[in-house]
Amino acid sequence: MNAPRPYALLAELTYRCPLHCPYCSNPTHAPNARELTTDEWKRVIAGAAALGVLQIGFSGGEPLVRRDLAELIRGAREAGLYTNLITSGIGLNRDRAHALREAGLDSAQLSFQSDDSDLADRIAGARAHGEKLEAAAHIRAAGIALSLNFVLHQQNIDQLPQMIALAEKLEAQRVELANAQFYGWAFVNRAALLPTRQQIDRALQVAAEAKARLAGRIDIFYVLPDYYQTQPKPCLNGWGQRYLTVNPVGDVLPCPTAAWAIPDLHFENVRMRAIEWIWRESESFNRFRGTDWMPEPCRSCPRREIDFGGCRCQAALLTGNAANTDPVCELSPDRARVEAVLSEINSSPKGEPRWLYRTNPQPLSVQISD
Amino acid sequence: MDSHEICATTRVRLAPQVRFQLDPVTGKSVLLYPEGILELNETAADVLACCDGRPFAEIVEALGEQYDVDAQTLSSDVRQTLADLRQRKLVELT
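Chains as they are written, first to last, in the working numbering: chain R, 2 to 371; chain A, 830 to 923.
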């Protein structure tokens with residue numbers, strides 16, 4: 002089969018991050034290898050552009066910890082890509098914002114953990130909220146388009162109206178209200194993060210009202226809480242169709258969580274193979290491409306080209322086999338596993354929430370090229 | 830938005846966060862904006878090529894030279910296209 006043409010690359014520059022959000026989807030243990038150098042990233046970017054990629058997201062961890070970030074943004078701009086920075090904002094002072102704009106940064110997606118600094122800082126595990134508010138102003142002042150991201154979960158979802166009000170106050174153009182997905186640290190902390198049914202019913206109403214009210218002024222994206230759906234999310238619009246991720250050590254993945262969630266699938270590395278070959282020819286990218294690989298019930302399901310059987314990572318995590326139907330699907334023989342998790346969350350009231358704060362992966366030794 | 834908000838003297842330009850460029854794979858024009866891509870058909874591309882801050886009436890006039898369509902239909906179609914793009918925050922009106 003001819004490989005599809007990719008549109009967007011997620012460049013995870015590092016797993017280092019100054020914050021400790023318990024909902025982070027980074028792997029809980031990282032590969033024992035050196036981060037890609039500046040030149041290695043430039044080759045990745047050029048290779049992605051040659052494949053047809055038009056959008057790049059610089060992410061992590063926290064991409065601002067890379068001192069070569071401006072140089073990489075410049076490289077992406079020169080390759081004709083639209084550049085997005087996915088950031089906590091920590092370290093994004095006025096000078097840095099201007100430097101990134103000079104390098105050609107088009108857009109920044111800034112995360113907020115809540116509207117209220119006490120709760121936000123408690124979730125991030127660091128005093129961060131005030132600096133984020135300043136970062137928002139610096140982004141705007143530098144002429145970079147401002148998007149906000151709020152990951153929603155049990156601890157903050159009741160503040161949704163206030164979070165939307167914050168987005169309006171900060172004059173964001175785009176706001177993602179993203180119900181937590183359960184990979185990486187978020188999977189470990191699921192019991193403290195998964196909202197109750199009552200919480201998500203209320204949040205959906207709030208989000209819908211705000212989306213209508215702000216139409217034409219702010220683009221609002223509400224990402225549904227996956228477990229509460231009866232049909233699975235059309236993950237990535239299909240494995241290896243439109244998106245690819247390169248992680249900090251150069252593994253090329255269909256999505257950021259695949260190496261962590263599907264450990265028995267071998268992913269190729271840019272230090273060994275050209276990215277063009279990996280996208281087109283590698284076993285990992287072709288393994289779940291299209292529909293031929295699907296077992297029942299996906300194989301003969303009329304929705305197979307609508308939701309592609311859902312998320313491979315989730316199937317692997319919850320059923321032990323990445324080829325299975327995503328158990329969110331009501332047609333999945335493993336749906337009861339999801340129901341059990343929902344029952345637990347929606348049953349008797351819980352005590353104080355406890356979670357494991359994210360830590361930087363060990364023993365990744367820090368080698369960056371200046 | 831209401832397309833009635835676009836009158837002859839309304840100036841139209843690409844929104845500052847938007848890039849209008851050729852997709853090297855397809856040879857077609859695309860709009861790139863924060864984390865998004867809009868593939869453009871030829872007509873939309875021709876309209877956007879005129880969105881450089883000039884007034885609506887001049888856009889219609891310029892397109893009238895390319896398109897063999899009566900002025901009223903052209904004006905109405907272009908107005909609707911621009912209203913849709915404005916709603917998506919891809920063009921700005923002043």
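Just so you know, even glycine gets a beta-carbon here, dropped at the ideal spot from N, CA and C.
As assigned by DSSP and simplified to three states, the class of residue i
i, result
"F113 (chain R)", "strand"
"F849 (chain A)", "strand"
"Y8 (chain R)", "coil"
"R191 (chain R)", "helix"
"D252 (chain R)", "strand"
"R141 (chain R)", "helix"
"R243 (chain R)", "coil"
"L134 (chain R)", "helix"
"L861 (chain A)", "strand"
"D293 (chain R)", "coil"
"F222 (chain R)", "strand"
"R198 (chain R)", "helix"
"R917 (chain A)", "coil"
"R272 (chain R)", "coil"
"S370 (chain R)", "Caution applies to S370 (chain R), whose pLDDT of 49 falls short of 50 and renders its modelled position unreliable; the model cannot decide the point."
"V841 (chain A)", "strand"
"E13 (chain R)", "strand"
"R300 (chain R)", "coil"
"L237 (chain R)", "helix"
"L922 (chain A)", "strand"
Min CB distance residue i to chain R below 7 Å
i, result
"L843 (chain A)", "no"
"Q901 (chain A)", "no"
"V854 (chain A)", "yes"
Rounded separation between residue i and residue j - CA only
i, j, result
"T258 (chain R)", "E834 (chain A)", "46 Å"
"D852 (chain A)", "L55 (chain R)", "8 Å"
"D265 (chain R)", "W240 (chain R)", "17 Å"
"Y223 (chain R)", "F309 (chain R)", "21 Å"
"G893 (chain A)", "A844 (chain A)", "24 Å"
"P298 (chain R)", "P328 (chain R)", "11 Å"
"R359 (chain R)", "G126 (chain R)", "9 Å"
"P5 (chain R)", "T855 (chain A)", "13 Å"
"R355 (chain R)", "C22 (chain R)", "13 Å"
"Q242 (chain R)", "A109 (chain R)", "25 Å"
"D371 (chain R)", "Q230 (chain R)", "Any reading at D371 (chain R) must be qualified, since the residue scores a pLDDT of 46, below 50, and its modelled position is unreliable; no value is offered."
Residues that residue i contacts on chain A, provided the C-beta gap is smaller than 9 Å
i, result
"S108 (chain R)", "Q846, Y862, P863, E864"
"S26 (chain R)", "Chain A residues near S26 (chain R): none, gap ~17 Å exceeds 9 Å."
"N85 (chain R)", "P863, E864"
Any chain A beta carbon closer than 7 Å to residue i
i, result
"S60 (chain R)", "no"
"G217 (chain R)", "yes"
"G251 (chain R)", "no"
"G48 (chain R)", "no"
"L365 (chain R)", "In this predicted model, L365 (chain R) has a pLDDT of only 45, less than 50, meaning its place in the structure is not dependable enough to derive any value."
"G105 (chain R)", "no"
"G53 (chain R)", "yes"
"S370 (chain R)", "Confidence at S370 (chain R) is low in this model, with a pLDDT of 49, below 50, so the placement of that residue should be treated as unreliable; the coordinate-derived value is given next. No, because no Cβ of chain A sits closer than 7 Å to the Cβ of S370 (chain R)."
"L20 (chain R)", "no"
Partner residues on chain A for residue i, Cβ-Cβ distance less than 7 Å
i, result
"Q56 (chain R)", "L861, E864, I866"
"A146 (chain R)", "Q846, P863"
"D220 (chain R)", "K918"
Residues that residue i contacts on chain A, provided the C-beta gap is smaller than 8 Å
i, result
"Q174 (chain R)", "Q846, P863, K918"
"Y244 (chain R)", "Simply none; closest approach about 11 Å."
"R1 (chain R)", "The structure shown does not extend to residue 1 (chain R), since chain R is modelled only from 2 to 371, so the question has no answer here."
Within chain R, the residues that residue i reaches when beta carbons sit closer than 8 Å
i, result
"Q850 (chain A)", "G81"
Problem set entry | Any alpha helix (DSSP H) of 4 or more consecutive residues that is wholly inside the segment 19 to 93 of chain R | Whole alpha helix (DSSP H) segments, 4+ residues: 39 to 52, 70 to 79.
For this session: Write down every uninterrupted run of the beta strand (DSSP E) in the segment 864 to 913 of chain A whose length is 3 residues or greater and which is fully enclosed by it, in chain order.
Result: Positions of the beta strand (DSSP E) runs, each at least 3 residues long and wholly inside the segment 864 to 913 of chain A, are given as 865 to 868, 881 to 884 in order along the chain.
Exercise. In chain order, which continuous runs of the alpha helix (DSSP H) of length 4 or greater are located wholly inside the segment 315 to 365 of chain R?
Worked result: 336 to 347
Problem set entry | Continuous beta strand (DSSP E) assignments of at least 3 residues falling wholly in the segment 150 to 192 of chain R | 175 to 180
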